[in-house]
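The next block holds one structure in the form of structure tokens; read it before the comments.
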Amino acid sequence: MAFDQEQYLKEFYGALHHEPLEPDDPKYIHLYEDAELTAADPVQALATTIEWRGESKQLFSGFRGTGKSTELRRLRKQLQADGNTRVVLCDMADYLNLTTPVDISDFLISAAGAFSDALEDESLLGKDMMKEGYWTRIRNFVTRTNVELPDVPELPGAGLKASLKADPSFRQKVQDRMKDHLGALSNNVNEFMEECFKALRKRHGNDVRVVVLFDSIERIRGTSLNAEEVAASVENLFEGHSDKLGFPYMHAVYTVPLWLKIKAPGVASLYDTSQQIPCVKVRNRDGSPCKAGLNTLADLIQRRGDWKRLLGERNNLDELCLASGGYLRDLFWLLQTLLRLSRDRQLPANVATRELAMHEIRNSYLPVAHQDALWLNRIRQSGSTELPEGRRLHELARFFDTHLVLTYRNGDEWWSVHPLLAEQIEQQAKSYRPDDAPAE
Amino acid sequence: MIDSLSDGTTLGPAGEQAWQTLRVHTEWTDGFWIAWLFTGHAPMARELEARMEALLHERAQRQVVLRPVTPEEARNLLEPILSENTRDAHCVWVEILHSDGLDPGRETNPGPWTEAWDWLMMRANERRTALERHLPGGLVFVGPPAFKDRARRAAPDLWSIRALVLEPAPPPMQPGPGMLDTLPAPSSPAPSSLQPEELAPDVELALDQAAQMRARGLPRDETRALIRAARGLLARREIAEALRRTHEAVDAVKELDPEHPDTAQVLNDLATLLQDQGALAEAHPLYKRALAICEKQPGPEHPDTATCLNNLASLLQDQGVLAEARPLYERALAIYEKQLGPEHPHTATSLNNLAGLLRDQGALAEARPLLERALAIREKQLGPEHPGTAKSLNNLATLLEDQGALAEARSLFERALAIYETRLGPDHPNTQIVRHNLQRLLKP
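Chain order of the listed sequences is A and B.
If you read the first sequence in my numbering, its first letter stands for residue 13, the second for the next number, and so on.
If you read the second sequence in my numbering, its first letter stands for residue 2, the second for the next number, and so on.
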């Protein structure tokens, strides 16, 4: 193969490596710039709320691989453009155990602790300005309220943080013993946040606006043994304790699982707004191709490599975009597969090679269990989640997690089975025989 | 189902293709990436790992291989994966090829290895960011095929950033012991003996013919010639070139007239060629096209259609889509029974295939009567001393062994071994495999 072709394929391949982009990266593209797509721009909605209100709490959700991290960076950039806003990113994965039930008490302690740790960054408060971190404060709180925490007589801060994350029995004890002091704990956290806000004002001026992004909460997910219990705990946290999740003078954004608003439809109304990142709309709800979405994707790909050399006609690119369902990661994966397959073949890739790439991606989704296929087929037909009963929610969550079901938005929201799977699902559902059903 | 006999096993065409994918990806990628390799064939995994090692060595990079020997060790692998030792490793190869028995994918009561796999996946998923920060190159998880769905479920975040999912079919096994008999393509004569030594087609001649046919605008004949060329190349172990010619055939086959009576056969032949090379995804649409043609003409009840059903089912089985394969095998069996009779050799083969699938699904009790029927047919049709009968004996014995009926299994293995030794000689691969099976059974 010509060196030139190898080089081209290799460079394009590398440019499709997924990583969150800063908005000023040449590869970055504003997904909702087109007038037809602006209505679906979740970042704009989050920013507007923050800009128009003095304090707020909002929910934000999105599939992995739809550009959530990139979009959060855009939010940060957009907000910080005024020079007054400080955006504090708290990755809750560093603080919470993501596979066991979460409770308001340990969540509040973890959130305040995470915020406290983040403020040590020089661009925010710096280590010196932080008179007393939250880990010390919670120790004092505990002493004051006579809450006996287990096995932490000296309660070294780091010890508490580590134990909360790593030791479920310790956390359980904390939850039990805090139960009667929730109001006091919440006040304690608010007091701390307020002091932090004051310190930030002192450092950055009176107009400072503080936005805290509590990231990774959507990754809380049980195992096959406790999935329902964990889901219920997340629901309870955001629905039952929403009053404790707003902080004085600050704007809090929580990344939450997509299924939350399905399980608890009322939850969105407890927050200022609830936004989600949909997939790029490549089809309209009636199934017709959406030109604006396809154009956006063509632009996005062009910034990573010369797709015309790989694919020739624009129709061929559109075909891949439609097959990806507008789910960016699969689109990148399709292209990478195609580039790899093209190594010993002529460019542009012919239909057989394109189909092969699609087969390869489709394969990674297979097999689909029969029971799943029946449900997915109903989603395919109706465009809604068709959740039959609450206790199967974790199964729906699994569809989201594994991208069997994708979500779109255009004023209203709808759901769809991944296009690469649609035919398979339909056929499987058709050929279903009750004998195949596993015993309950 | 049968332990591979040889060390230093070649990868086989599917393994070679997986290696190409892995190699190109490694050469083209900087930074962290994650891949899964699903195979039940330990020698293949070892070979791929060794090649990876050699590739990295060439690039003055290193690999860390983690191969736990107990479930407990597997559960706690995250620590070594995130240790100082891996900080400069351009590939961390994590191989857990143990399984807990026949159906490790079963949801209820997973065994210790299955649990360990789930746990490791879950923990890795949780520490995704740490992995990304820590590892400068690839992280390859290797597990048996039944662990694929578990990986998707337990590690959805990691799965969503997968760079590669490799599921190579095992290298063509020494014939004989496998449960699956692949039926011939429609209209091809049934194989008369167990393993007719196929004459390798003359590659140069075939290529020359293919070029001529192309010039004359005869895609069907061009395809046939290319298939022959690819077969010849495979026999010469020129794997990459074989694949290239196969792809040319895939292109040519697009032009075939679906109404032509030969089209289904050409498609089947080509799909089988692809399947043999492990290009399962590519074979799938061709088998489906062939089936669709046969359903129309000669019709849904024709044995050719049964053969198409059988081919597609065997592919789905290779792909691990067991639930989908089953109704196809059942339909094929029903057609053969009705059209060719309950005692026809094709019916026996079909019984064998369905039994193989049931065994893969863990339904041993259901598989057994089918294998017994297949054996009875072969004994009657081929005679008690025929190698075909020996094959059936071996299949049934393996199942009995799985069921714990060791004494019965032993006597059948011994009978099969005696037949092979007499008819094929002591050094024939089939003889060796059955001997190996027997030795394994006798091991305390």
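Positions of the beta carbon are idealized from the N, C-alpha and C atoms, including for glycine.
Quick caveat: nothing in here was measured; it's all calculated off a predicted structure.
Here residue 160/B carries a helix assignment [DSSP, helix/strand/coil]. Counting along the chain, residue 426/A sits inside no alpha helix (DSSP H); it lies in the beta strand (DSSP E) bounded by residues 424 to 429. Against chain A, a Cβ distance below 8 Å from residue 123/B picks out 111 and 235. Look at residue 435/A here: in three-state DSSP terms it is helix. Note: residue 285/A is bridge-paired with 70/A in the DSSP secondary-structure output.
Residue 375/A belongs to the set of residues whose beta carbon lies under 7 Å from a beta carbon in chain B. Between residue 170/B and chain A, the shortest Cβ-Cβ separation is not below 7 Å. Remark: C-beta atoms of residue 33/B and residue 127/B do not approach each other more closely than 7 Å.
Taken in chain order, the whole alpha helix (DSSP H) runs of length 4 or more contained in the region 381 to 409 of chain A are 382 to 394. Residue nearest to residue 425/B within the set 372/B, 89/B and 387/B is 387/B (criterion: CA-CA distance).
Flagged as an interface residue toward chain A: residue 283/B, by a C-beta distance shorter than 7 Å. Between residue 73/A and residue 343/A, the C-beta gap is not smaller than 7 Å, which leaves the two residues out of contact. Rounded to the nearest whole angstrom, the CA to CA distance from residue 379/A to residue 150/B is 8 Å. At a cut-off of 7 Å between beta-carbon atoms, residue 17/B makes no contact with chain A.
In this structure, residue 12/B places its C-beta atom within 7 Å of the C-beta atom of residue 48/B.
Closest option to residue 114/A, judged by alpha-carbon separation, among 57/A, 177/A, 408/A and 53/A: 177/A. Secondary structure of residue 436/B (DSSP, three-state): helix. By the C-beta density criterion, residue 260/A is exposed, having fewer than 16 other C-beta atoms within 10 angstroms. Within the same chain, 34, 35 and 36 come within 8 Å of residue 89/A by CB-CB distance, once the 5 residues on both sides are set aside.
Contact check for residue 226/B against residue 243/B fails: the beta carbons are separated by 7 Å or more. Residue 368/A has a beta carbon lying within less than 7 Å of a beta carbon in chain B. By the CB criterion at 7 Å, residue 253/B and residue 220/B fall inside the cutoff.
Annotation: the continuous alpha helix (DSSP H) that includes residue 421/B extends over 407 to 424. Considering only beta carbons, no part of the region 389 to 408 of chain A lies closer than 8 Å to chain B. A direct Cα-Cα distance of roughly 32 Å separates residue 143/B from residue 351/B. By the neighbour-count criterion, in which 16 or more other beta carbons inside 10 Å mark a residue as buried, residue 95/B falls on the buried side. Between residue 77/A and chain B, the shortest Cβ-Cβ separation is below 7 Å. Of 436/A, 288/A and 338/A, the smallest CA-CA separation from residue 425/A is found for 288/A.
Residue 286/A has its alpha-carbon roughly 26 Å from the corresponding atom of residue 203/A. One Cα belongs to residue 120/B, the other to residue 40/B, and the distance between them is close to 20 Å.
The three-state secondary structure of residue 96/B, taken from DSSP, is strand. Taking C-beta atoms under 8 Å as the contact rule, residue 113/B and residue 72/B qualify, at a distance of about 4 Å. The residues 351, 354 and 355, in chain order, have a CB closer than 7 Å to that of residue 21/A in the same chain once the five nearest residues on each side in sequence are set aside. Between residue 324/B and chain A, the shortest Cβ-Cβ separation is below 7 Å.
Per DSSP, residue 147/B is not a residue of any beta strand (DSSP E), being assigned neither H nor E. Between residue 417/B and residue 377/B, the C-beta spacing is not below 7 Å.
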